[in-house]
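Student: Residue numbers (the numbering used here), protein chains in the order written: chain A, 1 to 118; chain B, 1001 to 1169; chain C, 2001 to 2399.
All residues carry an ideal CB built from backbone N, CA and C; glycine is no exception.
Take a look at this one; I'll ask things after.
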Amino acid sequence: MENAWLYIGLFLIVGLIVPAAAIVMSLLLAPRKPNTIKQSTYECGMETVGDSLVQFKAQYYVFALVYLIFGVETVFLFPWALALNQMELFVVVEGIIFILILLAGLVYTWRKGMLEWA
Amino acid sequence: MTPQQIIFLLTAFVAVFSAVNVVSTRNMVHAALWLIATLFGAAVLFALLEASFIAVVQVVVYIGAIAIMFIFAVMLTRRDIREGGPQHNPGWWSAAVISVLVFASLVVVLSNWSGFNTVSAPPVPEDSLVLLGKALVSPDAFVLPFEVASVLLLSALVGAVYVAIGNKK
Amino acid sequence: MNFWTDPIEVSRQWLVGLFTGWGLAADLANILAILLGIILLVVFAMVLDVFLVWIERKVVARFQDRLGPNRIGPFGIFQPFADVIKLIIKEDITPATADKFVFNLAPILSLASVVILWAVLPLASTVYGVDLNVAVLYLVAAGALGTLSIIMAGWASDNKYALVGAYRMVAAMISFEIPMVVALLIPTILAGTLSMKGISQAQNDVWFFVVSPLGAILFLVAAIAELGRSPFDLNEGESEIVAGFHIEYTGMKFGLFYAGELLHAFTFGAFLGVLFFGGWNGPLPFGDKYALIGIFNVIAKGMFFYWVIMWVKYTVPRIRIDHMLAFNWKFLTPAAFALLMVTAVLHRLLLGAETWVYVVFMLAMNLVFGWTVVEILRALARKQRESAEGKPWPAAAQN
């Protein structure tokens, strides 16, 4: 297997085909009797009130942003973790400095109240 | 046509088609989804070159964080995301001219590159990840950009908090 | 090599020989044999998934002091087959204003993002899909695809409850990915490699759970939140938002979401076993030599941790979304990074030491760290209680 990713690609294709086959089987075997009431939006059995796109809470965006910053940070930490065993001791300190700078950012965000839900 | 060439052509076609759809579709959430398809095409191209780490990081950071942020941003800022504005702005012909010029100059510059005759990726060393790690932390390689990257991320976080607080008050 | 130590390679060579005997080119025969192997692994995962539905229903029944399904077949073992048949023949109702393509793609992507994890799960030292050298990050990438499928499902349903459920679910999932990735960094440091096979092999002598129990617990908690299982299952908050992002899904599409969630739970249990509990070096000896013993070890660990995840689900009440996110960003993330730093320092300091010295020191560090964290939490709780009540707690006067 020269390229491991070829295997992963085939796996992804098979993994997409299997649930699609299940849905196709359901398409062939299930009854199909649409009417307006069945196809209307579900709101616990009542008529819907208001538009279906509610106002998006801005706090979700802040959480996604903080996740992005920390996600990129942890991605940087993976090569550092691999090099730990084979380099000198101060390499650990370099990684610790990296983590501490970003933890300071988290504390700043916390103190400014950006991590509250309200 | 080796299988790798076929896979590359398919992926390149999917990526370019998705990129064109990002800017030409009317629905903004659909544009974000086409963007995800483009980014996934880029990840497949990295995997074809056997740059495994970059391919997986592309999916994790771009699709898993940045694309989700795009979708959240689209949903946050549009009152009704199903409406579309005017499809093209008046300057579209100058954009088309500039794109054709850039493409022509790229073709001219790259036509002298010897890499076009090789069909397989250059060999990747077995322990490429450990080499990457060592390069990131050794003092005579890239340790300073490594630490500066953390400061850059910190500044991005502080800036985002500052902008978000301005909107809160 | 014989069949018992290396079944995959032996079968592949036999198949390639068979295909070239029929006149196919060598490359094509190879690809065909690999494709058969992939289909076999995916079918195994799907059959296991069906079996997991039965286990789930029986175990939840026992936790709730009742019997569970016992009509269809002995001990109700054919119940999930009846469920699958029912789901396939149910009418497929799509809301009139839903976005058809995205609506149909979401459940397919959700199940696919779980099935592709089986490509890197090492079932034995020679039985695995592919030994990817970035398998640990691949785990996170598959999680990203799952998150995407939830947003697609919530938005395409054109239903405000689905949308709110999807937003909350995605906010919780991405928040808990940070402690999960930090918990994944710990076996990476301890083993020195990102490949799952390498991490399992590094646990030949001693399991990483003994060296870093807090890392295992951190991974378990973050994984339960990633999966969307209780106590973090605001997706299925029946009393709050009906059924979350899969309100509008009927029939087999809902079945795919449900089956995907159960298979995801089992797969994460299996990965917890591989990352922290030795992988194929399991309770049964010679797991690294004989493939069947290795497979049994990994699947048994997967089942055990699936049971642990279910145990937590049916014991603890649901946690509110703001408590969940506060728990993650204010406690779990700083604690995870602190644990990572301490583990990295100690591991590097003890690099050349004897195995028993290493194990004792790392275990001691973990216990000290855990005790420190608990003491900090107790002090904070005491301060909060005193400020709320205005008088000191009686026990505080003694220490």
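#1: Going by DSSP, what residue range makes up the alpha helix (DSSP H) through C/Q2013?
#2: From the DSSP output, in three-state form, read off C/I2072 for me.
#3: So within the segment 2082-2139 of chain C, which uninterrupted alpha helix (DSSP H) runs reach at least 4 residues, ignoring any that extend past its ends?
#4: Do you know how far the Cα of A/F98 is from the Cα of A/A104?
#5: Would A/F11 count as contacting chain C if we go by Cβ distances under 7 Å?
#6: Run through chain A and tell me which residues come within less than 7 Å of C/F2232, C-beta to C-beta.
#7: Less than 7 Å between CB atoms is the rule here; does C/T2250 satisfy it with respect to chain A?
#8: Can at least three beta-carbon pairs, one atom from the segment 63-72 of chain A and one from the segment 1128-1147 of chain B, be found at a separation below 8 Å?
#9: Tell me whether the beta-carbon of B/L1076 lies closer than 7 Å to the beta-carbon of A/Y61.
#10: Quick check on C/S2230: buried or exposed, where buried means 16 or more other Cβ atoms within 10 Å of its Cβ?
#11: Report yes or no: do three or more beta-carbon pairs, one from the segment 2259-2266 of chain C and one from the segment 2179-2190 of chain C, lie closer than 8 Å?
#12: What does the alpha-carbon distance come out to for the pair A/M87 and B/S1138?
#13: Listed in chain order, which residues of the segment 2318-2349 of chain C have Cβ atoms closer than 8 Å to some Cβ of chain A?
#14: So, is C/G2352 buried or exposed, given that buried needs 16 or more other C-beta atoms within 10 angstroms?
#15: Using three-state DSSP, classify B/E1147 as helix, strand or coil.
#16: Taking the Cβ atom as the reference point for each residue, do C/L2184 and C/L2339 lie within a distance shorter than 7 Å?
#17: Return the residue from the list C/G2017, C/T2126, C/D2322 that minimises the CA-CA distance to C/I2293.
#18: Going by beta carbon distance, what residues of the same chain come within less than 7 Å of C/K2090, once the five residues before and after it are set aside?
#19: For the segment 2124-2151 of chain C, enumerate the residues whose C-beta is nearer than 9 Å to any C-beta of chain A, in chain order.
#20: At a CB distance below 7 Å, what residues from the segment 2022-2056 of chain C approach chain A? Give them in sequence order.
#21: By a C-beta neighbour count over all protein chains shown, 10 Å radius and 16 as the cutoff for buried, is C/S2149 buried or exposed?
#22: Anyone know if the C-beta pair for C/S2200 and C/P2122 falls short of 7 Å?
#23: Between the segment 1123-1144 of chain B and chain C, which residues of the former have CB atoms less than 7 Å from a CB of the latter, in chain order?
#24: So the candidates are C/A2098, C/V2182, C/Y2290; which of them puts its Cα closest to the Cα of C/S2157?
#25: When you compare only the Cα positions, how much space is there between B/V1044 and C/F2075?
#26: Along chain A, in chain order, which residues have C-beta atoms closer than 8 Å to that of B/A1037?
#27: Please report the straight-line C-alpha distance between B/F1208 and C/P2285, rounded to a whole angstrom.
#28: Specify the secondary structure class of C/G2228 as computed by DSSP and reduced to three states.
#29: By the DSSP assignment, the alpha helix (DSSP H) with C/T2343 in it spans what residues?
#30: To test your reading of the DSSP string, which unbroken alpha helix (DSSP H) runs of 4 or more residues are found completely within the segment 1049-1078 of chain B?
#31: For C/F2078, which residues of its own chain have a beta-carbon under 6 Å away from its beta-carbon, when the five flanking residues on both sides are left out?
#32: At a CB distance below 9 Å, what residues from the segment 1144-1160 of chain B approach chain C? Give them in sequence order.
#33: Distance cutoff 7 Å, beta carbons only. Does A/M114 sit that close to anything in chain B?
#34: Does A/A83 have its Cβ less than 7 Å from a Cβ in chain B?
#35: What does the alpha-carbon distance come out to for the pair C/G2154 and C/L2163?
#36: Do you know whose CA, among B/G1159, B/E1147, B/W1093, B/V1109, lies nearest A/T109's CA?
Tutor: Checking against the coordinates, here is how it stands:
#1: Per DSSP, C/Q2013 belongs to the alpha helix (DSSP H) from 2007-2021.
#2: C/I2072: coil per DSSP, three-state reduction.
#3: The segment 2082-2139 of chain C is shown to contain whole alpha helix (DSSP H) runs of 4 or more residues at 2100-2115, in chain order.
#4: If I take the Cα positions, the gap works out to 10 Å.
#5: With a threshold of 7 Å between beta carbons, A/F11 makes contact with chain C.
#6: Taking a Cβ-Cβ threshold of 7 Å, none of the residues of chain A is close to C/F2232; the smallest such distance is about 15 Å.
#7: Under the 7 Å criterion on CB atoms, C/T2250 is classed as non-interfacial with respect to chain A.
#8: Proximity of the segment 63-72 of chain A to the segment 1128-1147 of chain B falls short of the contact definition, fewer than three beta-carbon pairs being nearer than 8 Å.
#9: The Cβ atoms of B/L1076 and A/Y61 sit closer than 7 Å to each other.
#10: Around the CB of C/S2230, 16 or more other CB atoms lie within 10 Å, so the residue is classed as buried.
#11: No: fewer than three Cβ pairs fall under 8 Å.
#12: Each residue's Cα considered, the two are about 8 Å apart.
#13: Answer in chain order: I2321, D2322, L2325, A2326, W2329, K2330, T2333, P2334, F2337, L2340, M2341, A2344, V2345, H2347, R2348, L2349.
#14: Looking at its Cβ environment, which holds fewer than 16 other Cβ atoms inside 10 Å, C/G2352 is exposed.
#15: The three-state reading of DSSP puts B/E1147 in helix, counting H, G and I together.
#16: Not a contact, by the Cβ cut-off of 7 Å.
#17: Per the Cα distances, C/T2126.
#18: Around C/K2090: T2250, G2251.
#19: Those would be G2129, V2130, D2131, L2132, N2133, V2134, V2136, L2137, Y2138, V2140, in chain order.
#20: Result list: I2034, L2035, I2038, I2039, V2042, M2046.
#21: Per the 10 Å Cβ criterion, buried.
#22: In contact: C/S2200 and C/P2122 (Cβ atoms closer than 7 Å).
#23: Taking 7 Å as the Cβ-Cβ cut-off against chain C, the residues of the segment 1123-1144 of chain B that qualify are L1129.
#24: The candidate whose alpha carbon is nearest that of C/S2157 is C/A2098.
#25: Roughly 46 Å separates the two Cα atoms.
#26: Per Cβ cutoff of 8 Å: no residues; B/A1037 is ~14 Å from chain A at best.
#27: Only positions 1001 to 1169 of chain B appear in the structure, and residue 1208 of chain B is not among them; the question remains open.
#28: Correct three-state label for C/G2228: coil.
#29: 2333-2349 is the extent of the alpha helix (DSSP H) around C/T2343.
#30: Listed in chain order, the complete alpha helix (DSSP H) runs (minimum 4 residues) inside the segment 1049-1078 of chain B are 1052-1057, 1067-1077.
#31: I2072.
#32: Taking 9 Å as the Cβ-Cβ cut-off against chain C, none of the residues of the segment 1144-1160 of chain B qualify.
#33: So yes, A/M114 belongs to the interface.
#34: Taking Cβ atoms only, chain B reaches closer than 7 Å to A/A83, which makes this a yes.
#35: Here the alpha carbons of C/L2163 and C/G2154 stand approximately 5 Å from one another.
#36: Sorting B/G1159, B/E1147, B/W1093, B/V1109 by C-alpha distance to the C-alpha of A/T109 places B/G1159 at the top.
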